[in-house]
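Asks: Got a structure here, written out as structure tokens. Questions coming.
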Amino acid sequence: MEKEGSGMEVASFEWKNPLDNAAKLDKAEGLAIEQLRAQPQQRCPDPDQWLEQELKHNIIVTSVDAVINWGRRYSVWPVSFGLACCAFEMIALAAPRFDISRFGMELFRASPRQADLLIVSGTLTWKMSPQVKRVYEQMPEPKWVIAMGVCAISGGTFAQSYSVVPGVNCIVPVDVYVPGCPPRPEALLYGITRLHDKISKDSFRQPK
Amino acid sequence: MTVALSVKEIASKIGEAIPQTVTSVADGSITVTSQHLFQVAKFLKETPGLEFDFLVNISGVDYLDYIEVVYHLVSLKHNHSLVLKTVCPDRDNPVVPSVVSLWRGADFLEREEYDLVGVRFEGHPNLKRIYLWEGFQGHPLRRDYL
Amino acid sequence: MVLKAEPMLISMGPHHPSTHGVFRMRLVLDGEVITDMEPMVGYLHRGIEKLAETRTYTQVIPLTDRLDYLGSMTNNWAYVLAVEKLAGIKVPERAEYLRVIMGELMRISSHLMAVGFLGNELGCTFTPLLYMFREREKIMDLFEMVCGQRLTYNYMRIGGLSHDIPEEFLPAVKKFVAEMPHYIDEYEQLLSENEILLARTKGVGILPQELAISSSVTGPVLRASGVKWDLRKADPYSIYERFEFDIPTGTVSDVYDRYLVRITEMRQSVRILEQAIKQLPPGEARTKVPLLLRPPVGEAYAHIEAPKGELGFYLVSDGSIAPYRCRIRAPSFTNITALRDMLIGWKIADAVVIFGSIDIVLGEVDR
């Protein structure tokens, strides 16, 4: 490949198509999926320590905490992670009729590094699970996860299938579960307000 | 109205052109031997008057003694349809010639049947799993996969 | 200094804002130009065909809802047609007309989404989409009036519909049908003569006619390639012979043609709706069918013109209460066969637009 311009010499060599090695790439990905699947099906524990602490009155939310929590909960930015049918109810929530913008959440970020909230909406399959784990790990703290729809909570209608993960909390810890098939946008909104309540009880001194 | 052609007529036409391929004619479908599938398909596509230029669907069905591959064909020009079947008696290693060179649409359909039912399509340029991942054991749509 | 150039392999998706769901493409790039591509699907493979073998014929209907989740009514209809063909069940007249009304409303809703998301991909993020969401919410209200659900309806049953429509449905549909042409005019005013849209979609992503037929492409994509093939006219199912409507086709088979075909199909759907509402007879909404239906041994293939293309169900029955094999012919799956040829030579930005113009839904592709 000889290209003119800026007086640089271009080394000519054979133009190999990387897709010829596609089989090797497929094998590596398949191995990652099998490894995830082979792990014992222990659910990630729900991050609900705040419940016990509230009961024991161990944690006192100071005014600094209150300000930080106010800032965090009124600008939670979700990562757009629509998998299946529930994604359309999530998009309908962002549409003007149900308007998630009044909570400061209309910015669905494409990159997980700029987002706080992962709404897993739709059926999670084993083939997709390494990507969910990756997206979750790429999100910076503090981060929360909402499992939307019965497929994300427990596998739903497809729980007996050979390729469906029985609930997204096999892969990532979940804060709020919103049942429904699909849940109405108002139901998801209720789940989000519950998440806001949870955030308002956080303390920045307490490591998540 | 898409006319489902009379299978006896088509079977006799195929029998004249390529002898000893049609094994049975029943239930609105023609069954041919798996070795001659490609020639029969080519004949059906290229004969004037038949000209089945559109492949609608390929399905693999696991009857416990054998595996059947069903092709639904339609002619957009003449607006008629046909069901072509072929049988693989060997369940452990079912092999059928691929029709990708006749109908490009068979590409993904054959990969899907390979993935889920386990039928190998000879002559397919890229026969690998499409829905399940590399390393998945077994073929889920077989009746003995639980 | 020596400049070394080599092709770059990137993976677009499965988590990507512009792929319509969990679709993945391996792209080989030379700078920004695509030189090779491999589509990878299966990230939403839920095993619906296998699950259908363990459920009774009526229990499979909610499973079919989740195939093309933007067109649940038409999915149900295709499956129920296949069972009725297998078992030889006749559907009452009123149910047929209501099925046509639901099917056409579904077609309008699905095309609204297709055109709206095409606008998204071109970069006019959200404006056309939110306009179309406004109409889609109206259609979803109509469906909610009838069956209580907004997205996965589960409304059609073997032998008819699950129940008859309430009284407030017909006046609401009449009102919707009266004002819809005005809204379609609004969309056309926004989009069809828009310079940027014309520059980015005219001549982009051409699918020649022979390649389209050979790749088993169906639906608006095939019609935009100049082939006048619509199952409602070519192989009429239900009562479509009684309605007058046209089939729009394209000439150049580029992205702009596909967009125009969808807009025109929406207008034709409104026309069919007007006729169906006028001709709706009184009567029953469902024939009596045994609870555990046992069709005779045999097989049947029934297909309909779903909004995305030809949706077909190939059912094999062995006389028991569950299907022996339920094979789903999904239009979106075969429509991506030609994707590689359409994308090579274009830039990544065009790839997003071309891919969006085919309008696939991953629930159908992966089943």
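Residue numbers (our numbering), protein chains in the order written: chain A, 96 to 303; chain B, 109 to 254; chain C, 163 to 529. Even glycine gets a Cβ: it sits at the ideal position worked out from N, Cα and C.
#1: According to DSSP, is residue 171 (chain B) part of a helix, a strand, or is it coil?
#2: Excluding the five sequence neighbours on either side, which residues of its own chain have a C-beta within less than 6 Å of the C-beta of residue 215 (chain B), listed in chain order?
#3: With which residues is residue 162 (chain B) paired in a DSSP beta bridge?
#4: Which bits of chain A does residue 248 (chain B) rub up against, with CB to CB less than 7 Å?
#5: How many angstroms separate the CA atom of residue 97 (chain A) from the CA atom of residue 222 (chain A)?
#6: Name the two residues that bound the continuous beta strand (DSSP E) containing residue 200 (chain C).
#7: Give the range of the beta strand (DSSP E) segment to which residue 474 (chain C) is assigned.
#8: Just tell me which of C:182, C:173, C:405 and C:164 has its CA closest to the CA of residue 494 (chain C).
#9: Tell me the DSSP secondary structure of residue 399 (chain C) in three-state form.
#10: If you follow the alpha helix (DSSP H) that residue 256 (chain C) is in, where does it begin and where does it stop?
#11: Nearest by alpha-carbon distance to residue 224 (chain B): which of B:118, B:177 and B:156 is it?
#12: In whole angstroms, give me the CA-to-CA distance for residue 392 (chain C) and residue 384 (chain C).
#13: Of all Cβ atoms in chain A, is any one closer than 8 Å to the Cβ of residue 140 (chain C)?
#14: For residue 188 (chain C), list the residues DSSP reports as bridge partners.
#15: Report all residues from its chain with a CB closer than 8 Å to the CB of residue 251 (chain C); omit the five preceding and five following residues, and keep chain order.
#16: Do you know how far the Cα of residue 218 (chain B) is from the Cα of residue 179 (chain B)?
#17: Helix, strand or coil for residue 215 (chain A)? Go by DSSP, reduced to three states.
#18: Anything in chain C within Cβ reach of residue 215 (chain B), meaning under 7 Å, just list it in chain order.
#19: Establish whether the CB of residue 228 (chain A) and some CB of chain B are separated by less than 8 Å.
#20: If you measure from the beta carbon of residue 206 (chain C) to each beta carbon in chain A, is any gap under 8 Å?
#21: Would you check if the distance between the CB atom of residue 172 (chain B) and the CB atom of residue 228 (chain B) is smaller than 8 Å?
#22: Leaving out five residues before and five after residue 209 (chain A) in sequence, what residues of the same chain have Cβ atoms less than 6 Å from its Cβ?
#23: Quick check on residue 308 (chain C): does DSSP put it in helix, strand or coil?
#24: Using a 10 Å radius around the Cβ and a threshold of 16 neighbouring Cβ atoms, would you call residue 262 (chain A) buried or exposed?
#25: Measuring only the C-alpha atoms, how far is residue 604 (chain C) from residue 526 (chain C)?
#26: Between which two residues does the alpha helix (DSSP H) carrying residue 124 (chain B) extend?
#27: Spatial neighbours of residue 224 (chain A) within its chain, please: CB distance less than 6 Å, with the 5 preceding and 5 following residues excluded, ordered by chain position.
#28: Given residue 219 (chain C), which residues of its chain have a CB within under 8 Å of its CB, disregarding the five upstream and five downstream residues?
#29: Helix, strand or coil, according to DSSP, for residue 98 (chain A) in the structure here?
#30: For the candidate residues C:343, C:213, C:274 and C:230, whose alpha-carbon lies nearest to that of residue 293 (chain C)?
#31: In its own chain, which residues sit with a C-beta less than 6 Å from the C-beta of residue 478 (chain C), not counting the 5 before and 5 after it?
#32: Any beta carbon of chain C sitting closer than 8 Å to that of residue 167 (chain B)?
#33: Can you tell me whether DSSP reads residue 176 (chain B) as helix, strand or coil?
#34: Quick check on this structure: which residue in C:336, C:378, C:381 and C:415 has the alpha carbon closest to the alpha carbon of residue 368 (chain C)?
#35: 8 Å is my cut-off, CB to CB: does residue 290 (chain A) come that close to chain B?
#36: Would you call the CB atoms of residue 382 (chain C) and residue 423 (chain C) closer than 8 Å?
Replies: To lay it out plainly:
#1: Correct three-state label for residue 171 (chain B): strand.
#2: 208
#3: Residue 162 (chain B) is bridged to B:182.
#4: 257
#5: Note on residue 97 (chain A): pLDDT 46, under 50, position unreliable in the model; the coordinate value appears next. Each residue's Cα considered, the two are about 41 Å apart.
#6: Counting along the chain, the beta strand (DSSP E) containing residue 200 (chain C) begins and ends at 195-202.
#7: DSSP places residue 474 (chain C) in the uninterrupted beta strand (DSSP E) bounded by 471-479.
#8: C:182
#9: coil
#10: It spans 255-284 - the alpha helix (DSSP H) in which residue 256 (chain C) sits, taken as one unbroken run.
#11: B:177
#12: 9 Å
#13: Only positions 163 to 529 of chain C appear in the structure, and residue 140 (chain C) is not among them; the question remains open.
#14: C:173 and C:200
#15: 245, 320, 321, 449 and 451
#16: 11 Å
#17: strand
#18: 499
#19: no
#20: It does; some Cβ of chain A falls within 8 Å.
#21: no
#22: none
#23: helix
#24: buried
#25: The structure shown does not extend to residue 604 (chain C), since chain C is modelled only from 163 through 529, so no value can be given for it.
#26: 115-125
#27: 131, 260 and 266
#28: 245, 320, 455, 457, 483, 484 and 485
#29: Model confidence at residue 98 (chain A) stands at a pLDDT of 48, short of 50, so the residue's coordinates are unreliable and nothing is read from them.
#30: With respect to the C-alpha of residue 293 (chain C), the residue from C:343, C:213, C:274 and C:230 having the closest C-alpha is C:274.
#31: 461, 486 and 487
#32: For residue 167 (chain B), the answer is yes, since a Cβ of chain C falls inside 8 Å of its Cβ.
#33: strand
#34: C:415
#35: When Cβ-Cβ separations below 8 Å define contact, residue 290 (chain A) makes no contact with chain B.
#36: yes
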